[in-house]
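Notes for the one structure printed next.
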Amino acid sequence: MLLRFCFAGLLLATSAALAQQPAPAGMSLAEAASRRFPQPVRVGALLHRQVLQPAESQPTLGWVRAVVRQGDGSLAVVVAYGGVRGVFAHPIAVPVEAMTLLGQYMEIVDFTPAQLNGFKTFDPAGSQPLAPDDVIRVGLARPSH
Amino acid sequence: MASTPPPKPAATRKLHPVPIRVMHWINAVAMLVMITSGWGIYDDYVIISGLHFSHTFRLGSWAAESLMWHFAGMWFLVLNGLAYLIYGVFTGRFRERLLPIRIGELVQTVKDTLHFHIAHEDLTHYNAVQKLLYIVVIVAGISQVVTGLAIWKPVQLSFLVPLFGGFQGARIVHFWGMVVIVGFLVVHVALAVLVPRTIWAMLAGGPRVGDRPRANKVTP
Amino acid sequence: MKSLFRPAQPTSPAVLDDHRPIIRSLQRRGLIRGGLSLGALTMLTGCDVSRPAAVEAALRGISTFNDWFQQQLFNPNKLAPTYPASMVLKPPRFNAYYDIMDVKPVDGDTWKLELAGLIDDKTPWKLPQFAALPQQDEVIRHICIEGWDYIGQWSGVPLRDFLRRIGADTRAKYVNFQSADDYPSSLDMATALHPQTILATSYAGEPLAAPFGFPMRLRTSTKLGFKNPKWITAIEVTNTYTPGYWEKAGFGWFSGI
Numbered sequence: 234m235l236l237r238f239c240f241a242g243l244l245l246a247t248s249a250a251l252a253q254q255p256a257p258a259g260m261s262l263a264e265a266a267s268r269r270f271p272q273p274v275r276v277g278a279l280l281h282r283q284v285l286q287p288a289e290s291q292p293t294l295g296w297v298r299a300v301v302r303q304g305d306g307s308l309a310v311v312v313a314y315g316g317v318r319g320v321f322a323h324p325i326a327v328p329v330e331a332m333t334l335l336g337q338y339m340e341i342v343d344f345t346p347a348q349l350n351g352f353k354t355f356d357p358a359g360s361q362p363l364a365p366d367d368v369i370r371v372g373l374a375r376p377s378h
Numbered sequence: 190m191a192s193t194p195p196p197k198p199a200a201t202r203k204l205h206p207v208p209i210r211v212m213h214w215i216n217a218v219a220m221l222v223m224i225t226s227g228w229g230i231y232d233d234y235v236i237i238s239g240l241h242f243s244h245t246f247r248l249g250s251w252a253a254e255s256l257m258w259h260f261a262g263m264w265f266l267v268l269n270g271l272a273y274l275i276y277g278v279f280t281g282r283f284r285e286r287l288l289p290i291r292i293g294e295l296v297q298t299v300k301d302t303l304h305f306h307i308a309h310e311d312l313t314h315y316n317a318v319q320k321l322l323y324i325v326v327i328v329a330g331i332s333q334v335v336t337g338l339a340i341w342k343p344v345q346l347s348f349l350v351p352l353f354g355g356f357q358g359a360r361i362v363h364f365w366g367m368v369v370i371v372g373f374l375v376v377h378v379a380l381a382v383l384v385p386r387t388i389w390a391m392l393a394g395g396p397r398v399g400d401r402p403r404a405n406k407v408t409p
Numbered sequence: 004m005k006s007l008f009r010p011a012q013p014t015s016p017a018v019l020d021d022h023r024p025i026i027r028s029l030q031r032r033g034l035i036r037g038g039l040s041l042g043a044l045t046m047l048t049g050c051d052v053s054r055p056a057a058v059e060a061a062l063r064g065i066s067t068f069n070d071w072f073q074q075q076l077f078n079p080n081k082l083a084p085t086y087p088a089s090m091v092l093k094p095p096r097f098n099a100y101y102d103i104m105d106v107k108p109v110d111g112d113t114w115k116l117e118l119a120g121l122i123d124d125k126t127p128w129k130l131p132q133f134a135a136l137p138q139q140d141e142v143i144r145h146i147c148i149e150g151w152d153y154i155g156q157w158s159g160v161p162l163r164d165f166l167r168r169i170g171a172d173t174r175a176k177y178v179n180f181q182s183a184d185d186y187p188s189s190l191d192m193a194t195a196l197h198p199q200t201i202l203a204t205s206y207a208g209e210p211l212a213a214p215f216g217f218p219m220r221l222r223t224s225t226k227l228g229f230k231n232p233k234w235i236t237a238i239e240v241t242n243t244y245t246p247g248y249w250e251k252a253g254f255g256w257f258s259g260i
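Protein chains in written order, with the numbering used here: chain G, 234 to 378; chain L, 190 to 409; chain X, 4 to 260.
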C-alpha cells in the first residue's frame, strides 16, 4: 500500500515538475496565456505582489511595481527583479502573457531566471502605467511542487 | 557559585531515574519523526522562499505520507511530553536541575566556553548555559504543540490563531520552533558525542546522586 | 448444547507440551519482528520499499483513530471566523490535481445535479432551480492541506437546506459527491449539516468562473480545501464509506480544521 503511495508520490512529483505550464512548443505567449483561463484582476491588487519562480523551492524573483501599456499596445508587468530581497533590484518589463496568478502571488512561467537576467532595465519612457482601478486579465497557475 | 558545597547526602538514587530515561528516548524518536515529517509537509508551501528540504531528509515520500507520520508522531510527542512535564514538576527534578540560573554564572560559562574551558567532569551538575538551553527547548516544545494545534484546528480551536498573528503566523512560529529545536539538537548531540559518558548515563542511569535536599528548597 | 464445531474429545495437553519449543521460537520471532519495525521508525529515508507492513499498518491505524478523534472534536455549532469583504482575494486561488490548461469547463445550460441514495425525491436539479432558493453569503478562510490559505467570499444554497428539501435521510453517515473532473469526495453528515456548508454558485458576487467549479462546488468552512469538490454533478446520501480522490492517495478522510 505504501509502495503504491510511493508510486503515487512519484507520479505527483513528475506532474508537479511540469506544473508551471510554460507555453507549449510552437505556441505563442498569447495563445498559451489564453489557455490558462485568464481572470479579471484589479491592477491595484497586483501592485507589491511577490513574484515567484515556478519551481519546487518557490524562489522569489521579485515584486510587482507597476502594470504598463507599452508603445506597441501590449501589457507588461514591471517587476523589481534580482538583487537580494529586493535590495539592488532593477525593474524589468515582463509580458503579462508570460505571468500567472497563484493565489496572492504572481509567477513568471515563460521565462527562466537566466532569460530574465538578459532583460534590459525597464525604461518608463514610451509606456503608460495603468491606474489601480483598471482591470486586466491574467492566466492562472497551480502550485509548483 | 556556592563557595562551600554542602556535605553530600547518602547516594541512593541514580542521576537519571528509569522514567526519565524512558521518556528521553521516546521523545528522541518522536522529535526526529516530527522534524523530518514536518520538512515533508513544509515543502508543499515553503515559508522561506527558496528554502526547500531535500527528499533525502524527509520522512514520507510525499506530503500525504509525511502528514501520516506527523499526525502519528504528535500523539507520542504530546503524551510523553505531558508525562515528562508532570514528572519534572512533581518530583522536583526541574527545580533541582534547571534552577536557579544566575546571570553571573551564565556570563562566566559563556566566557569559559569561548576559551574552550568546558567543564564536564561532573555529569550531575548542569552549568547555567545548559540549564538555559534545556528550559528554552522545553518552552519550544510546548510552543510547537500550541502552534501545531492552531494549524491543525484553526476553526475548532480558533482562539489560538490570533495569538500568533493569524494562520500563516502560526505556521511561521511553528517553523521557527522547529529551528530552535534542531539548533538545540545539534549542540546537544555534539556535546553528548564529545562526552560519551552522558549517553551511557541516559541509558544506564549514570552515577548515583544524593537525595534531594527538599528542606532547603521549600524555604521562601 | 455442545457446539457441532467442537471435537467430541478435548485435545490432550500433551500435544501442547510436545510443541512448546516450536511455539516459543515463534513467539521469539514475533518479538524480533516487532523490534525490526521499531528500528524501521529510525530509518528516516523517503520512499523505502523495504518498509515493513507493520509500520504501514500502524500508521493507517493511527490515521483511522485520528479521523475518529477529529469527529469527536468537531462542534457542529461552532462557526468558523468570518472576515470583511475587503479582505477577499479576487480572483481566488486555483488548484486541482491537474494543470490549469487541462480544466474542462462545464456547460451550465445542460448541467444537472443527479441525486442518489437515501433521498426521497431523486429528480435531478437544474441551475435555475438553485437560483430560486434562499442564498447564503459567507466570507471564510480557505486552508489547503499544503499550507497556503486565502479569504474567499462564497454564496449559494446551504447544503443542509437542500438536503431537507429533497428529503435526504440526515441520519445517514455520509454525503458523497461526484464531479465533472472525476474527483469523488466523501463528507461526514455532521459537516454536511453545518450552517457554513454551502453549494456555492458564486464568488465575490459574480457567478463562479470555470476554473473554480462553475456551475456548482462545495464550500465548507470546517474542512481543508481538498474536501471541497468543484464542478459537482451528483450527490449521494449513504451509510457506505467511499474514499475520495485524495483519500485514496493517503490523505486523511475527516480532514477537519
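Just so it is clear, CB atoms sit at the ideal spot from N, CA and C, and this is done for glycine as well.
Return no unless some Cβ of chain X is closer than 8 Å to the Cβ of V344 (chain L). yes
Taking D152 (chain X) as the query, report the chain L residues whose CB atoms sit under 8 Å from its CB, ordered along the chain. F356 and Q357
When you check each C-beta in the segment 234–245 of chain L against every C-beta of chain G, which residues fall closer than 8 Å? Y234, V235, S238, G239, L240 and H241
Three-state class that DSSP yields for Q348 (chain G) in the structure shown: helix
Quick test of the definition: if touching needs 3 or more C-beta pairs under 8 Å, does the segment 303–315 of chain G touch the segment 355–366 of chain G? yes
Beta-bridge pairing of N179 (chain X) - partner residues as DSSP gives them: X:S189 and X:E239
Indicate whether Y186 (chain X) and Y248 (chain X) have their beta-carbon atoms separated by less than 8 Å. yes
For P292 (chain G) versus G394 (chain L), is the C-beta spacing smaller than 8 Å? no
So, is G351 (chain G) buried or exposed, given that buried needs 16 or more other C-beta atoms within 10 angstroms? exposed
How many whole angstroms separate the CB atoms of T241 (chain X) and T194 (chain X), which I take to be in contact at a CB cut-off of 8 Å? Contact doesn't hold; Cβ gap of about 15 Å is too wide.
DSSP-derived helix/strand/coil call for L245 (chain G): Only weak support exists for where L245 (chain G) lies, its pLDDT of 42 falling under 50; the value from the coordinates is given anyway. L245 (chain G) falls in the helix class under three-state DSSP.
Whose Cβ in chain X lies nearer than 8 Å to the Cβ of F260 (chain L)? I65, S66, N69 and G255
Identify, in the order they occur along the chain, each residue of the same chain with its Cβ nearer than 6 Å to the Cβ of K230 (chain X), setting aside the five sequence neighbours on each side. S258
With a threshold of 8 Å on Cβ separation, who are the neighbours of F356 (chain L) within its own chain once the five nearest residues in sequence on each side are excluded? A339, I340, P343 and V350
What first and last residue would you give for the beta strand (DSSP E) that runs through Q139 (chain X)? Q139 to I146
One or two residues paired with Y314 (chain G) in a DSSP bridge: G:G295 and G:H323
Is the beta carbon of L334 (chain G) sitting closer than 8 Å to the one on A374 (chain G)? yes
Which of helix, strand or coil does DSSP assign to Q303 (chain G)? coil
Going along chain G in order, which residues have a C-beta closer than 7 Å to the C-beta of A99 (chain X)? R375
I'd like to know whether the C-beta of D232 (chain L) is nearer than 8 Å to at least one C-beta of chain G. yes
At the 8 Å Cβ level, is S290 (chain G) part of the contact set with chain L, yes or no? yes
Just how far apart, CA to CA, sit F321 (chain G) and A313 (chain G)? 9 Å
Should P289 (chain L) go down as buried or exposed, given a rule of 16 or more other Cβ atoms within 10 Å for buried? exposed
Where F260 (chain L) and K353 (chain G) are concerned, what is the direct C-alpha to C-alpha distance, given to the nearest angstrom? 49 Å
Would you list, in chain order, the members of the segment 114–146 of chain X that have their beta-carbon closer than 8 Å to a beta-carbon of chain L? R144 and I146
List, in order along the chain, the chain X residues whose C-beta lies closer than 7 Å to that of R360 (chain L)? G150
Exposed or buried, N80 (chain X), counting other C-beta atoms within 10 Å across all chains shown (16 or more means buried)? exposed
Contact with chain X by A278 (chain G), beta-carbon distance below 8 Å: yes
Kindly list the residues whose CB is nearer than 7 Å to the CB of I26 (chain X), restricted to its own chain and excluding five residues on each side of it in sequence; keep chain order. Low confidence applies here, because I26 (chain X) scores a pLDDT of 47, under 50, leaving its location unreliable and the question unanswered by this model.
I'd like to confirm the pairing. Which residues does DSSP put opposite Q156 (chain X) in its beta bridges? X:V142
Using the Cα positions of A258 (chain G) and G295 (chain G), report the straight-line distance between them to the nearest angstrom. 26 Å
Option in X:A171, X:P218 and X:D184 with minimal Cα separation from W114 (chain X): X:P218
Does DSSP put P108 (chain X) in a helix, in a strand, or in coil? coil
Bounding residues of the alpha helix (DSSP H) (the contiguous stretch that carries R220 (chain X)): Element bounds for R220 (chain X): not the alpha helix (DSSP H) but the beta strand (DSSP E), R220 to T223.
Going by DSSP in three states, R268 (chain G) sits in which element: helix, strand or coil? coil
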